[in-house]
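Right, one structure below, let's go through it.
Protein chains: 2
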Amino acid sequence: MKSKGFEGMACSIAGVLDAVGDRWGMLILRDLSLGLKRYDDLRRSTDVTHATLSSRLKHLEQSGLIERRQYQTRPDRFEYLLTRKGRDIILVLQALAQVGDKWAITGDAGPPLRFVDRNSGRSVKLAVVDEKSSERVRSRDVRPQAGPGADDLVRWRLTKFDA
Amino acid sequence: MKSKGFEGMACSIAGVLDAVGDRWGMLILRDLSLGLKRYDDLRRSTDVTHATLSSRLKHLEQSGLIERRQYQTRPDRFEYLLTRKGRDIILVLQALAQVGDKWAITGDAGPPLRFVDRNSGRSVKLAVVDEKSSERVRSRDVRPQAGPGADDLVRWRLTKFDA
Chain A
1 MKSKGFEGMA CSIAGVLDAV GDRWGMLILR DLSLGLKRYD DLRRSTDVTH
51 ATLSSRLKHL EQSGLIERRQ YQTRPDRFEY LLTRKGRDII LVLQALAQVG
101 DKWAITGDAG PPLRFVDRNS GRSVKLAVVD EKSSERVRSR DVRPQAGPGA
151 DDLVRWRLTK FDA
Chain B
164 MKSKGFEGMA CSIAGVLDAV GDRWGMLILR DLSLGLKRYD DLRRSTDVTH
214 ATLSSRLKHL EQSGLIERRQ YQTRPDRFEY LLTRKGRDII LVLQALAQVG
264 DKWAITGDAG PPLRFVDRNS GRSVKLAVVD EKSSERVRSR DVRPQAGPGA
314 DDLVRWRLTK FDA
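If you're matching them up, the sequences are chains A and B in order. For the first sequence, the numbering used here begins at 1 and goes up steadily by one. For the second sequence, the numbering used here begins at 164 and goes up steadily by one.
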């Protein structure tokens with residue numbers, strides 16, 4: 001899980017990818033966000049080897065995205081939970097699901113998962129909104145700009161943007 | 164770039180991760196969404212080896228997320244562009260950037276990139292909204308439900324969800 005090339009890169013995107021590790025890490029976060037907690041359940045859900053699951057759980061714990069908690073002694077058993085930081089990733093999972101559903105990537109039957117507002121029961125989705133007013137903004141009107149943390153590489157990339 | 168374990172899995176999230184390939188694939192899509200087009204620019208931006216960049220570009224092309232276009236002959240030179248399908252990934256990139264900015268993962272200087280509405284010039288963000296009314300919904304009120312394309316594994320995962 002070495003993050004070669006990512007250190008020092010002023011990129012929030014790369015930083016989050018690094019914390020997650022790889023797609024197995026992302027699928028484990030998906031499962032924990034759905035309420036799975038136990039090692040055996042994660043194994044069943046992802047169908048990965050013990051070596052892969054263990055190493056990804058360790059990486060996610062080191063990244064501060066999940067915590068391991070003992071729920072039984074003799075024999076010792078542990079469960080895994082999203083930390084507050086880990087729960088932030090749900091935004092990324094929703095974006096991934098929304099794109100996959102749009103592509104009908106799982107077939108013509110429709111989305112495997114729906115996300116609903118527990119109060120209204122109605123479907124929700126991610127949308128681009130004005131940060132202050134919360135009004136909807138069309139995706140095609142969104143432009144990237146250098147932020148306060150931009151380094152030379154970020155500023156150089158932005159010179160390539162043709163609006 | 165083998166997608167072991169992903170085929171047949173009724174999961175839009177896994178499907179999109181598979182199409183992107185890995186985090187290098189995601190960073191290439193980031194660069195193309197920022198307007199970078201040329202192989203050498205992608206090399207400079209990502210600082211990966213030729214072998215890595217070539218294989219990821221090929222994978223993204225096979226996934227239908229990018230297209231290669233010749234812009235010069237003698238010598239032949241090609242540029243890379245997001246397809247319409249590839250532009251859908253911008254939602255995922257925005258989610259990743261938003262989470263990384265929240266974590267201040269690149270340091271205390273602030274976000275490297277800002278996303279603004281080109282009409283108002285104001286910052287935008289991703290938010291959960293009601294699919295029909297576009298009204299904001301609080302993240303903590305969002306619940307997953309089985310959709311029409313759910314298979315047994317998806318339904319089993321959802322039995323673990325404690326609301």
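For every residue, glycine included, the Cβ atom is placed at its ideal position computed from N, Cα and C.
Own chain, CB closer than 6 Å to residue i, minus 5 neighbours either side, in chain order
i: B/V183; result: M189
i: B/L192; result: I252
i: B/G249; result: L228 and I229
i: A/T159; result: none
i: B/K165; result: Bear in mind that the predicted position of B/K165 carries a pLDDT of just 36, short of 50, making it too unreliable to give a figure here.
i: A/S63; result: A19
Residues near residue i in its chain [Cβ-Cβ closer than 8 Å; skip 5 each side]
i: A/F115; result: Q94, A97, S123, V124 and K125
i: B/V291; result: R299, V300, R301, S302 and V305
i: A/A146; result: V154, R155 and L158
Residue i classed as buried or exposed, judged by whether at least 16 other C-beta atoms fall within 10 angstroms
i: A/Y80; result: buried
i: B/H213; result: exposed
i: B/S208; result: buried
i: A/E107; result: At residue 107 of chain A the sequence reads Gly, which differs from the Glu that was named. It counts as exposed.
i: A/D162; result: exposed
i: A/R74; result: exposed
i: B/S175; result: buried
i: A/K4; result: Unreliable positioning characterises A/K4 in this predicted model, as indicated by a pLDDT of 40, which lies under 50. A coordinate reading is not provided.
i: B/G263; result: buried
i: B/A313; result: buried
First through last residue of the beta strand (DSSP E) which encompasses residue i
i: A/R69; result: I66 to Q72
i: A/V48; result: Note, A/V48: premise wrong, no beta strand (DSSP E); not H, not E.
Beta bridge counterpart(s) of residue i as assigned by DSSP
i: A/S123; result: A/V116
i: B/R201; result: B/E242
i: A/Q145; result: B/R277
i: B/D293; result: A/V124
Residue interval of the alpha helix (DSSP H) (run including residue i)
i: B/G300; result: Here residue 300 of chain B turns out to be Val, not Gly, going by the sequence shown. Segment: none, B/V300 is in no alpha helix (DSSP H) and carries neither H nor E.
i: A/W156; result: D152 to L158
i: B/S194; result: Looking at the sequence provided, one finds Asp at residue 194 of chain B rather than Ser. Run containing B/D194: R186 to S196, per the alpha helix (DSSP H) assignment.
i: B/A267; result: Counting along the chain, B/A267 falls outside any alpha helix (DSSP H), and DSSP gives it neither H nor E.
i: A/I89; result: It is not in any alpha helix (DSSP H) - A/I89 carries neither H nor E in the DSSP assignment.
i: B/D181; result: S175 to V183
Cut-off 7 Å between Cβ atoms - residues of its own chain near residue i, not counting five sequence neighbours on either side
i: B/R231; result: E224, F241 and Y243
i: B/P275; result: T269
i: A/D76; result: Q70
i: B/P307; result: L321 and F324
Rounded Cβ spacing between residue i and residue j (contact assumed at less than 8 Å)
i: A/K53; j: A/R38; result: In the sequence as presented, Lys is not what sits at residue 53 of chain A; that position holds Leu. The pair is not a contact, with the Cβ atoms about 12 Å apart (cut-off 8 Å).
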